[in-house]
Amino acid sequence: MLTNAPRGTKDILPDQVYKWQYVESIFKEICSEYGFDEIRTPTFEHTDLFKRGVGDTTDIVEKQMYSFDDYGGRNLTLKPEGTAPVVRAFIENKLYSDLLPVKYFYIIPCFRYEKPQAGRMREFHQFGIEIFGSDNMMADAEVIGLAMDFFEKLSIIELELHINSIGCPNCREGYRIILKEFLKDKYDNLCDTCKTRYERNPMRILDCKSEVCQTLVVGAPKMLDYICEDCEIAFVALKQDLDAMGIEYEVDPGIVRGLDYYTKTAFEIISKNIGAQGTVCGGGRYDNLIEQVGGPATPGVGFGMGIERLLLVMEKSNIVIPRDDEIDVFLAVMGAKAQNFGINLTRQLRKNGFKAQMDLKARAIKHQFKYADRLKARHTIVIGDNELESQMVSIKNMTTSEQTMVAVSDIIKTLTQLR
Ligand code: ATP
Ligand code: MG
C-alpha cells in the first residue's frame, strides 16, 4: 500500500521523462510561433467554479471530481480540466481590459475519478490553448490549425480531425424538445443519472458512457440538423477557413463533448490505433462561459489535448523521440588529493558548459569506469598522484579508445576541440 502509487496515477521515471520534455518543448515552440502566451493557474480551485463552468449535469461534475474541504472549511477541487481556471484568472485579473483577442496556452495535470484503463487515468496531463475575445471562425480555425501543425511537427500522420456544430442556446431550445420526444419512450431504461438529466439537460444523455444509454441514443436526432441560421453561417465559415488552410476534416454530427460550455464549433482529433480511448484532442467554442462565470460577455475557443494519449499514438506509430542522455566527460579520481582536485575541475567544466561527472563514492578505479559506462561518458580522464605531479592527463575517447595527452591547464580547451 505504502509503496504503491494511488490507482490511476503513474510515475514518470527518468528513462521516460525525455519523451515528456520533448513533446512539451515542441508544444511550447508551436505556441510561440502562433503567438500564444503561457498561463499558470493553481492546482485546485473553488468547487463552485467547475460546477458553474463545466456544468453540474456533466459526468465530470457529477461523478469525477476530487473535491475536499480544507481546514478552513472551503470546498475545493483538484482541477479536472483547464479552461474554467483560465477563465477565472482572466476575469479576476481583468485581463479582458487588454486588446482582444488574447491567446493563452498551458501544460497541466488534471484529476478525474475514472475507471483507469489504457489512455484513461485519474491523474493525467493536458496541453491546452484558449483564445478569448473573437467570435470569428478564424479563431476556431487557428486553434485547430495549431493542433494539426503540432502533430505535423511530431511526425504524427495518422490522426483524423472531426468537426461538428452543437448550436447555441438559441437553437438548442428547439432541439431539446425534439430530443426529449425521441427519448420519451426510452426514459424507463435510461441509467439513473440520465433520468435526472432528461429534464435538466437531455443533450448530456448523448454523451453518457453507460452502455445501455449509448444503445438507447442510437438514431437520435442530431443537433447539426437543427442549428439556427447564425450557427449555420458560422459552420460554413469554419469549413471554408479549414479548406483555405488545406486542413482535411470530416463532419461528424455525433460529437457532443463532455463539457456543458461548448457552443457552435466542437471538434475532436482522433486516433484509430490506440484503442477505445482514441480522442487525443478535444475542443470547441464557448461563447457564454466567461459571462456565466461572472466576467464580461467574451467569446472563447480552445482545446485540451491528453499528453498520455499523445505519447501512446507516437509509440504506436514508432516515432523515435530524440534523447540526449550522454555526458561529455567523466573524471575517474584516485586518492584524496585527486578527489579534491577533481571536485573543483568538474565544477569548472560544468561552468564551461560541459556535462561533467565524477564518482561520488570514492570507489576503486575499475568500478568508476563501470559507472562512467553507465553514465554514457564520451570521454574519461583519470587523475591520480602521477597526473597531479606531472600536471599532464590523458583524455580518453570512450568510443574509439583514442587517448590524447594534455596539460591540466588545457583540459577545457582540448575538450572544446574534441566536441
Ligand atoms: P473522453 O471522451 O475520452 O472521456 P473527454 O471528453 O472527457 O474525453 P476532455 O475533457 O475534452 O475529454 O479532455 C481533453 C483531452 O484530455 C481528451 O481528448 C483526452 O485526450 C484527455 N483525457 C481526458 N480524460 C482523460 C483521462 N482520464 N486520462 C487520460 N487522458 C484524458
Ligand atoms: Mg471523459
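Count the sequence shown with my numbering and you get residues 6 to 424, in order. By construction, the Cβ of each residue, glycine as well, lies at the ideal position given by its N, Cα and C atoms.
Excluding sequence positions up to five away, which residues of its chain have a Cβ less than 7 Å from the Cβ of residue i?
| i | result |
| --- | --- |
| Phe156 | Leu164 |
| Gly150 | Met250 and Ile252 |
| Lys24 | Leu316 and Ile326 |
| Leu247 | Ala146, Ile149 and Tyr254 |
| Lys227 | Pro258 |
| Gly389 | Met339, Gly340 and Ala343 |
Go ahead and label residue i buried or exposed: buried means 16 or more other beta carbons lie within 10 angstroms of its beta carbon, across all protein chains shown.
| i | result |
| --- | --- |
| Pro19 | exposed |
| Gln21 | exposed |
| Asn194 | exposed |
| Pro11 | exposed |
| Ile416 | buried |
| Ala152 | buried |
| Glu147 | buried |
| Pro174 | exposed |
| Glu394 | exposed |
| Lys84 | buried |
| Pro301 | exposed |
| Met6 | exposed |
| Asp53 | exposed |
| Glu86 | buried |
| Lys120 | exposed |
| Arg262 | buried |
| Ile279 | buried |
| Thr48 | exposed |
| Met142 | buried |
| Met363 | buried |
| Gly287 | buried |
| Met397 | exposed |
Look at the alpha carbon of residue i and the alpha carbon of residue j, and state the distance between them as a whole number of angstroms.
| i | j | result |
| --- | --- | --- |
| Lys1 | Ala382 | The first residue shown for the chain is 6 and the last is 424, placing residue 1 beyond what the model contains. |
| Asp16 | Arg355 | 29 Å |
| Gly305 | Tyr267 | 9 Å |
| Val92 | Phe110 | 12 Å |
| Glu234 | Met208 | 20 Å |
| Glu34 | Gln422 | 31 Å |
| Leu229 | Glu38 | 33 Å |
| Ser322 | Gln373 | 39 Å |
| Ser414 | Met339 | 19 Å |
| Tyr291 | Asn9 | 39 Å |
| Ile136 | Cys213 | 28 Å |
| Lys418 | Ala343 | 21 Å |
| Arg368 | Pro114 | 41 Å |
| Val285 | Val411 | 54 Å |
| Tyr3 | Gly311 | Here the chain has residues from 6 to 424 only, and residue 3 is not among them. |
| Ser399 | Thr409 | 5 Å |
| Thr82 | Thr88 | 14 Å |
| Ala242 | Asp140 | 12 Å |
| Val107 | Met403 | 52 Å |
| Lys56 | Ser72 | 11 Å |
| Glu67 | Asp378 | 53 Å |
| Asn98 | Gly138 | 15 Å |
| Val298 | Gly289 | 18 Å |
| Asp329 | Val28 | 14 Å |
| Ile65 | Arg125 | 13 Å |
| Thr220 | Gln122 | 22 Å |
| Phe41 | Thr405 | 46 Å |
Suppose the cutoff is 6 Å on Cβ atoms and the five residues either side in sequence are ignored; what does the same chain contact list for residue i look like?
| i | result |
| --- | --- |
| Gly283 | Ile275 and Ser276 |
| Val387 | Ala337 |
| Asp265 | Gly60 and Thr63 |
| Arg205 | Thr62 |
| Glu128 | Thr14, Pro114 and Phe116 |
| Phe240 | Ser170 |
Can you tell me the Cβ-Cβ gap for residue i and residue j, rounded? I've got them flagged as a contact below 8 Å.
| i | j | result |
| --- | --- | --- |
| Leu336 | Leu350 | 6 Å |
| Thr270 | Asp145 | 5 Å |
| Phe272 | Ile134 | Not a contact, Cβ separation roughly 13 Å. |
| His130 | Glu313 | 7 Å |
| Ala361 | Ile324 | The Cβ separation is near 32 Å, so there is no contact. |
| Val222 | Ile168 | That belief does not hold up - the Cβ atoms of Val222 and Ile168 are roughly 20 Å apart, past 8 Å. |
| Phe132 | Ile112 | 6 Å |
| Gly58 | Leu294 | 6 Å |
Leaving aside the five residues before and after residue i along the sequence, list all residues of the same chain whose C-beta is less than 8 Å from its C-beta, in chain order.
| i | result |
| --- | --- |
| Tyr231 | Gly172, Cys176, Gly179, Tyr180 and Ile183 |
| Tyr203 | Lys185, Leu188, Tyr192, Leu195 and Ile210 |
| Thr201 | Thr62 |
| Ile31 | Phe155, Lys158 and Leu159 |
| Cys218 | Leu195, Cys196, Cys199 and Ile210 |
| Glu407 | Lys401 |
Regarding residue i and ligand 3, is the C-beta to nearest heavy atom distance less than 7 Å?
| i | result |
| --- | --- |
| Cys286 | In terms of ligand content, the structure shown lacks ligand 3 and carries ligand 1 and ligand 2 instead. |
Suppose only complete runs of 3+ residues qualify. What are the beta strand (DSSP E) ranges in the region 229-293, listed by chain order?
268-275 and 284-290
What are the start and end residues of each continuous beta strand (DSSP E) run of 3 or more residues lying completely inside the region 119-199, in chain order?
128-137 and 165-170, all fully within the region 119-199.
Runs of 3 residues minimum, wholly inside the region 284-344: which ones carry the beta strand (DSSP E) assignment?
Inside the region 284-344, DSSP marks whole beta strand (DSSP E) runs of 3 or more residues at positions 284-290, 305-311 and 332-338, from first to last along the chain.
Kindly provide the ranges of any alpha helix (DSSP H) runs that are 4 or more residues long and lie completely inside the region 365-403, ordered along the chain.
370-379 and 390-395
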